[in-house]
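Quick notes on the structure that follows.
There are 2 protein chains.
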Amino acid sequence: MIQRHAAPIPSFDDVVRVKPDAPLASAPARSVRIEEVARLAGVSPITVSRALHQPHKVAEAKRLHILQVVAQTGYASNPHARALRSGQSNVVAAFVSNLLSAQFLLAVQGCTEVLEAEGYQMIVGQTAYSYEKESSMIESLRAVRPAAVLFTGIVELEENRRKLAELGIPVMETWAYPRDPIDMLVGFSNHDGGRLAAEHLAARGYRKLAFLGRQGGRGALRLRGFREAAAELGLSVALELTVDHPKTIADGRAAFTRLLDMKPDVDAVFCANDLLAIGAVFEARHRGIRVPQDMALLGFGDTDVSSELQPPLTTITVDHRELGQRAGAMLAKRLRGETLDRRIDVLDLQLILREST
Amino acid sequence: MIQRHAAPIPSFDDVVRVKPDAPLASAPARSVRIEEVARLAGVSPITVSRALHQPHKVAEAKRLHILQVVAQTGYASNPHARALRSGQSNVVAAFVSNLLSAQFLLAVQGCTEVLEAEGYQMIVGQTAYSYEKESSMIESLRAVRPAAVLFTGIVELEENRRKLAELGIPVMETWAYPRDPIDMLVGFSNHDGGRLAAEHLAARGYRKLAFLGRQGGRGALRLRGFREAAAELGLSVALELTVDHPKTIADGRAAFTRLLDMKPDVDAVFCANDLLAIGAVFEARHRGIRVPQDMALLGFGDTDVSSELQPPLTTITVDHRELGQRAGAMLAKRLRGETLDRRIDVLDLQLILREST
DNA sequence: TTGTAGGCGTTATCAA
DNA sequence: TTGATAACGCCTACAA
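Respectively, the protein sequence lines represent chains E and H.
Per our numbering, residue 55 is the first one in the first sequence, and the count goes up by one each step.
Per our numbering, residue 55 is the first one in the second sequence, and the count goes up by one each step.
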């Protein structure tokens, strides 16, 4: 139930100012140009440019003097002029499938940290797990002309792979370990994640398993590994239930409910993402199903909530921030023009053992 | 407990390709320029430019023909050349205090939707609730030269307010209702939020209250309203506990634990953000404290988890996506050069009544 | 309604 | 190591 609270006249928030008010300058001071800095420093504009961007090409003393003038004047080079002339922009575009996913954001954050230190700006777009949206965003890249692109995921649509390759810029894919990334990859094996899930559940003594995951994409990859390892270990997978686009915990509860309707007697469920797993834990609790005694629940991805559930959720994951940082470092190296020893980096999976299995 | 799972050789993910492989073009096709489009369409470059950006200035038939050629050639104007010549960039910078907060991201998403439709790109930065970080990000704006800036929050530091005003671009503040925004505002009254909390708890019959919130900032604003209304209603506020920088649900549990140590006998707690409230619900459950019978818990902000808790959390919030959309619409209007009838827009608060009060 | 001329601020290129 | 010259691609200003 929602009650709208429209105060007849809303109260002001009396925000504490951190310093006393000063009169606000109104005229947008025309920004300093490189020419002015050059004049003040007694050198030519190109020398200022070099002092800032190719410091080794300028005599030490002169460089320091120039930097001093730059600091005094507050000069900042115009990125548009720079990009226009040099053909290199300082924008890196990141595409996430879901902006509200802490995992993706953590990775983007890690990547941003690294790239910002090199003077790059990140822009973030959301593909919303839709080929169409992804296509239109990739299309718009031709207008944005970023220096590089990062995906929290891999690009499945062949047409999009081609378009990206044609951009002629570094393309980083993540979150999986495909045979043939477009360009660069910092990922992990979803297949092994699925295998690890089956192996863990087997080791804990569960025999009759079920799978709950997102349709297609990485869910399918995890399912294949899970199925494969379960077969090798002689376990039965009584049900493979896939759902379309779980967005909320409520979707996870509903999916788990459906699973219970179909196969109430499995003794462990591998939920191939934590949103589903969290929903399952809440729903189990709601129904008085004891976890893990009556039914074990294993997640994938880990979130802030996973560790706080009752019981805390056992889950398989990678270090998302580290993934982002490694991707950022690899991109940075490439953007600096250095040669890479390898374009593919695979992270270890982690099994975080809590109490739900 | 974390077990690292380093497969000796990670398995490939056999990703399903959506279309058959085609050979990847290697040469980054030099992009089409306006001149070429003009040549093919039999007009001058400036006419192409007008057809795209000031359509009303070009004869209908000619315009349609030009657009056709544009589509054929895949022409996209170079944003850097555009920005350099026109002095207007298509980048809007958004600053959020915490990138992992779904509320802020939802607002940014709403704003992005609106602005993307107008051809703008969003870049997102995180201020991490730190004046220092905020200052350095604002400093970097001078280099980025965005068309506008959006804050999910308001700028408290006077020096930063001045710097922003000096940029001479539209500045949008949100998430509060200060007397003197720098430039534009789409916000809500935190003070009224605090008042509403006290009024709601009073109406439900609770008499001995406590406050749990973040130190400073909006936490302080909510506290003031809460304190004020409680006094008017003759309620006691037995404890006002503020915590430094709660980041996780675990921080919320810890804070609530401290509150219980200090005042175990309050009958209702207003947790001035949902992270703290969620932690409190988990901790209460852990201790066997019945919510709301033994102690009522009221949140602020609403999240995906809030509605799924046991019991579901009563909370005070605004529609974050709508806030973002309104901010985007106001910015778009301003960027189009239209005059605004008002620069301040205040959203209604919503009390979402669930079961924790 | 359309076109011509020129410059936005920077850096590539070549010369000293 | 430093500088002169020109050009990146587009759009403003002005003219027709």
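Backbone N, C-alpha and C fix where the C-beta goes; we use that ideal spot for every residue, glycine too.
Here DSSP, grouped into helix, strand and coil, assigns Q180(E) to strand. Taking P365(E) as the centre and dropping the five residues before and after it, the same chain places the C-beta of V345, E409 and S410 closer than 6 Å to its C-beta, in chain order.
As far as DSSP is concerned, D402(H) takes part in no beta bridge. Contact of F336(E) with chain H by beta-carbon distance below 7 Å involves E362. With its beta carbon at least 8 Å from every one in chain H, V203(E) lies outside the interface.
C-alpha of L218(E) to C-alpha of V203(E): approximately 9 Å in a straight line. Here the alpha carbon of V112(E) sits roughly 9 Å from the alpha carbon of V102(E).
Runs of the beta strand (DSSP E) spanning 3 or more residues and lying entirely within the stretch 283 to 346 of chain H occur at 290 to 297 and 322 to 325, in chain order.
Within chain E, no C-beta atom comes nearer than 7 Å to that of A284(H); the closest sits roughly 15 Å away.
G382(H) is positioned such that its CB atom lies closer than 8 Å to that of V168(H). Nearest in C-alpha terms to S184(H), of all of C165(H), A161(H) and N152(H), is N152(H). In the pairwise beta carbon analysis, the stretch 350 to 363 of chain H is classified as touching the stretch 314 to 330 of chain H: at least three pairs are separated by under 8 Å.
Per the DSSP secondary-structure output, V372(H) pairs with nothing in a beta bridge.
Beta-bridge partners assigned by DSSP to R215(E): none are found. At least one beta carbon of chain E lies nearer than 8 Å to the beta carbon of H245(H). Taking CB atoms only, P232(H) has a neighbour in chain E less than 8 Å away.
Those residues of the stretch 193 to 220 of chain E placed with their C-beta closer than 8 Å to a C-beta in chain H are R196, A197, V198, R199, I208, E210, L211, E212, E213, R215, R216, A219 and E220, ordered along the chain. For V69(H), there is no enclosing beta strand (DSSP E), as DSSP gives it neither H nor E. In terms of beta-carbon proximity, Q404(H) lines the interface with chain E, with at least one pair separated by less than 8 Å.
Within the stretch 105 to 183 of chain H, the complete alpha helix (DSSP H) runs of at least 4 residues fall at 114 to 127, 133 to 140 and 156 to 170. Under the three-state reduction of DSSP output, Q379(E) falls in the helix class.
Burial check for V70(E): the Cβ neighbour count within 10 Å stays below 16, so the residue is exposed.
Neighbours of H59(H) in chain E, taken as residues at a C-beta separation under 7 Å, are given in chain order as L250, D402, L403, Q404 and L405. A direct Cα-to-Cα measurement between A95(E) and P133(E) gives close to 22 Å.
When the beta-carbon positions are compared, L266(E) and I303(E) stay at least 8 Å from each other.
Every unbroken stretch of the beta strand (DSSP E) spanning 3 or more residues and falling wholly within the stretch 219 to 262 of chain H is given here in chain order: 225 to 228 and 238 to 241. Contact annotation for A130(H) against chain E: R196 and A197 [CB-CB distance below 8 Å, chain order]. For V359(E), there is no enclosing beta strand (DSSP E), as DSSP gives it neither H nor E.
In the displayed model, R268(E) falls within a strand according to three-state DSSP. For P224(H), no Cβ of chain E is located within less than 8 Å of the residue's own Cβ. In the DSSP assignment, A60(H) falls outside any alpha helix (DSSP H), carrying neither H nor E. Listed in chain order, the non-local C-beta contacts of I343(H) below 6 Å within the same chain comprise M349, local neighbours out to five positions each way being set aside. Within the same chain, Cβ atoms closer than 6 Å to the Cβ of V297(H) are found at A309, the five residues on either side in sequence being excluded. Per the coordinates, the alpha-carbon of E89(H) lies some 11 Å from the alpha-carbon of V124(H).
Going by DSSP, V91(E) is part of the alpha helix (DSSP H) stretching over I88 to A95.
By the rule that beta-carbons nearer than 8 Å mark a contact, S290(H) does not touch chain E.
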